[in-house]
Every structure is written in structure tokens, then in C-alpha cells.
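This report refers to the structure that appears directly beneath it.
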Amino acid sequence: MSSLFRYSRWASQFKKSPPIFTLFSTATNESQPNRPSPPPIRVGLIDSVGRAVFATRRIGTGELIHTAKPIVAHSSLSSLHKVCYFCLRKLPNYKTHSEAHKNLAFCSEHCKDQSKNFYEIENKADWSRFTEYCRLQGLKYPLLVKRFACQVISGVVSADSLDILQPATLTSEMVSLMEKEFCLLRSTFQETDIKGEHMAFLTKEWYTGVLARMRINSFRIELAGGSYEDFLSSAAASVEAEVAIGNAVYMLPSFYNHDCDPNAHILWVENADARIKALRDIETGEELRICYIDASMNHEARQTVLYKGFGFLCNCPRCLSND
Ligand SMILES: [Zn+2]
Ligand SMILES: [Zn+2]
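The sequence shown: position 69 = 69 (the numbering used here), numbered continuously.
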């Protein structure tokens, strides 16, 4: 276990968050509805490490371990008119949607219906200044926070529902840089007819807390091209996927720890629904780990990216061997 010591992504948080076991013991809302059996995993704790995901039976190479729907997802601004506004599936006819075409499109009636929990709130406001600010500054997390805030206002999720996730450590400089985006977000809501009591949660503290969690836990969604077999053969190298279509936050996938030579991988095939697949045979009781970063980087680059992005120094077997 000593080699796992620095996998402290969740170490400081798990004591605050006892409900994870009841949340994921059956995983009814994260597994596919036509897959009645729960996924072959459990979320457990490792001393000094915190949350980790373990196999509850032998899992074979290439097996789909489970799927996960996003808690919140948002397309990248460059993909806004090219993908479904809800599930981020590529729209087949996006080329006919010119940039001047202001209507956002959904891939299906189902997605349109599913998006009601944020879209009706979002539609009450004029987001042009907020979106333009994010575009100019190259910001992606505020878009996720905006969508999450709309979900909270519409009442489908509670304002503290992401608190279970580990937050990034924000410097005071980072927090002060968020002042402008937060003010834009709040003033955009304040210009609507939404009642003040429904926005009472929208404080600077709430905003920075949610954003701190999104920084660590959001996944950049790149659709994998080709078959899964193609993907497996190229997985060890840098996966040259297409440019990110968006970003999303999930619950269960956030509990996977990192490894620079992982035994599992998260991928997206057609939309923001995540698939966790086994990259090799995994034994009962073995911890499942994914790689948070581009595994093809060298040892020094990986350490730097992991420390800056996730706040830990990796001590996985590959790093210990200086590979
Ligand atoms: Zn869709
Ligand atoms: Zn490592």
C-alpha cells in the first residue's frame, strides 16, 4: 500500500461524505436500463488514499465495466452549433446550421425533453455577455457552473450535490480571477424574472466551491473514432482524438484513481455518456484505475501535469520505475 500513499485525491474528503456507498451499491441510474445487473465494482476506501474503485469479480480485457451519464455537461463553445445541446452527439446536418443560426439544436426529442431541467431556466436570460466573456478568456468551467446553476434553480438537483467530489485547491489569485465571471453569471440571472429566493444559493462561495470541484472532476470529452479494437491498440500511445466537443462531470467515474499505466479507460463513442472499459484482465479485488492525462508523456511531464492539474505527485509503479 505504500506505493499508493500519494494517491491522495480523495483522502481529505471521504470522511465528510459517507453516502457514497449507498449511492453506488446498485448504480441503478448509471447503468444502462437494459443491463439489470449492477456493474462489477465497488467503491471502497484505502488508508491514506481515500476513495477507490475495486473489481468485485474478474473482468476481461475490453469488457464494458459500466457506463455513466453526466451530472452536468456542456459543449465547448466551438462545438456549440455542431453538437446536441444536451448529449453532445454530433448533429448530422450541422453544416446547414450557419454560425448566424442562433437556435441551439438537439439530436432528438428525447434530448430536448431531458434538457428541460436546465433549458427553461437558461432561456429566461440573455447569456450573450457571459458567453462572450468565457469565449474571450477561453473559460470552460463557468459554462458547466452556469448549467448546474440552472438545474439547481429548476429544482432537479440541490445546490450542494457536488460537495461529495474532491475540490481543487484554489489560490487567492485564482479566486479573484473568478470575480468577473461570477458577477456576470449572477447579474444575468438577476435580470430575469426568477425569484430571488430561488437564487439565494448563488454566492461567490458557492460558485468557487463548485468551480473548484469541476476543475478536478470534469472530463474533457473527445469522441473516440473507429472501433474499440482500434482504440485499444492505440490506447497506450497518445490518443489523437478529435478536438474536444465539450466537458462533463460524472459521479462514479470521479472515484477512479489515477495510474500512468492504467487497467481501465474512460471513453466516449457517440455522445457524453461515458464508458469505462477494461484495458487488460483485472482480478477480483484489484483496484481499477484510469489515466487522467496523456499517458504518452514522459515521466517528468506527467508529474508536472498531475501536480499542477490534480495536486498530487504520482507514485504509480510506472513512475517508480522512472519510465
Ligand atoms: Zn442529444
Ligand atoms: Zn504515475
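All C-beta atoms in this analysis are idealised placements derived from N, C-alpha and C, irrespective of residue type, glycine included.
Taking residue i and residue j to be in contact with their CB atoms under 8 Å, please state how far apart those CB atoms are, rounded to whole angstroms.
i: V210; j: F148; result: 6 Å
i: N123; j: S154; result: The pair is not a contact, with the Cβ atoms about 11 Å apart (cut-off 8 Å).
i: I282; j: H66; result: About 13 Å; that fails the 8 Å criterion.
i: L185; j: F130; result: 6 Å
i: D261; j: R318; result: 4 Å
i: I41; j: T56; result: 6 Å
i: A272; j: A73; result: 4 Å
i: T203; j: M178; result: Contact doesn't hold; Cβ gap of about 12 Å is too wide.
Please confirm whether any heavy atom of ligand 4 lies closer than 7 Å to the CB of residue i.
i: R186; result: The model depicted lacks ligand 4 and carries ligand 1 and ligand 2 instead.
Looking at the strands, I want to know which residues DSSP matches up with residue i.
i: A52; result: G44
i: N247; result: H74, R220
i: R289; result: N257
i: L267; result: R275
i: V83; result: K90
i: I59; result: I282
Between which two residues does the alpha helix (DSSP H) containing residue i stretch?
i: L144; result: 141-154
i: I121; result: 116-122
i: F312; result: Taken as a continuous stretch (DSSP letters only), F312 belongs to no alpha helix (DSSP H), as it is neither H nor E.
i: T188; result: 179-190
i: Q166; result: From DSSP, Q166 is part of no alpha helix (DSSP H); its letter is neither H nor E.
i: S296; result: No alpha helix (DSSP H) holds S296; DSSP gives it neither H nor E.
i: T131; result: 128-137
i: P317; result: 317-320
Residue range of the beta strand (DSSP E) that residue i falls in?
i: R275; result: 274-278
i: T67; result: 64-68
Can you give me the Cβ contacts of residue i inside the same chain, cut-off strictly under 8 Å, excluding the 5 residues immediately before and after it?
i: L306; result: H258, Y292, I293, F312, L313, C314
i: C134; result: L77, K140, P142, L143, E181
i: Q137; result: E181
i: D193; result: K124
Ignore the nearest five residues each way along the sequence and tell me which others in residue i's own chain have a CB closer than 7 Å to its CB.
i: W127; result: T188
i: A168; result: A212, R215, I216, G311
i: D323; result: H299
i: S115; result: Y85, F86, F106
i: C316; result: D259, C260, D261
i: L165; result: R213, N217, S254
i: L88; result: A73, S75, I221, I245, G246, N271, A272
i: E156; result: The amino acid occupying residue 156 in the given sequence is Val; Glu does not appear at that position. For V156, where only same-chain residues beyond five positions count, the Cβ hits under 7 Å are N117.
i: M199; result: I153, F189
i: G375; result: A query on residue 375 cannot be resolved here, the shown segment of the chain reaching from 1 to 323 and no further.
Excluding the 5 residues preceding and the 5 following residue i in the sequence, name in chain order all residues of the same chain whose CB lies nearer than 6 Å to its CB.
i: E287; result: A52, F54
i: A68; result: E30, Y250, L252, P253, A274
i: T171; result: none
i: E173; result: none
i: R220; result: A244, N247
i: K112; result: F106
i: T304; result: none
i: V145; result: V210, L211
For review: beta carbons within less than 5 Å of any heavy atom in ligand 1: Cβ-based neighbours of ligand 1 within the cut-off: C84, F86, C87, R89, C107, C111.
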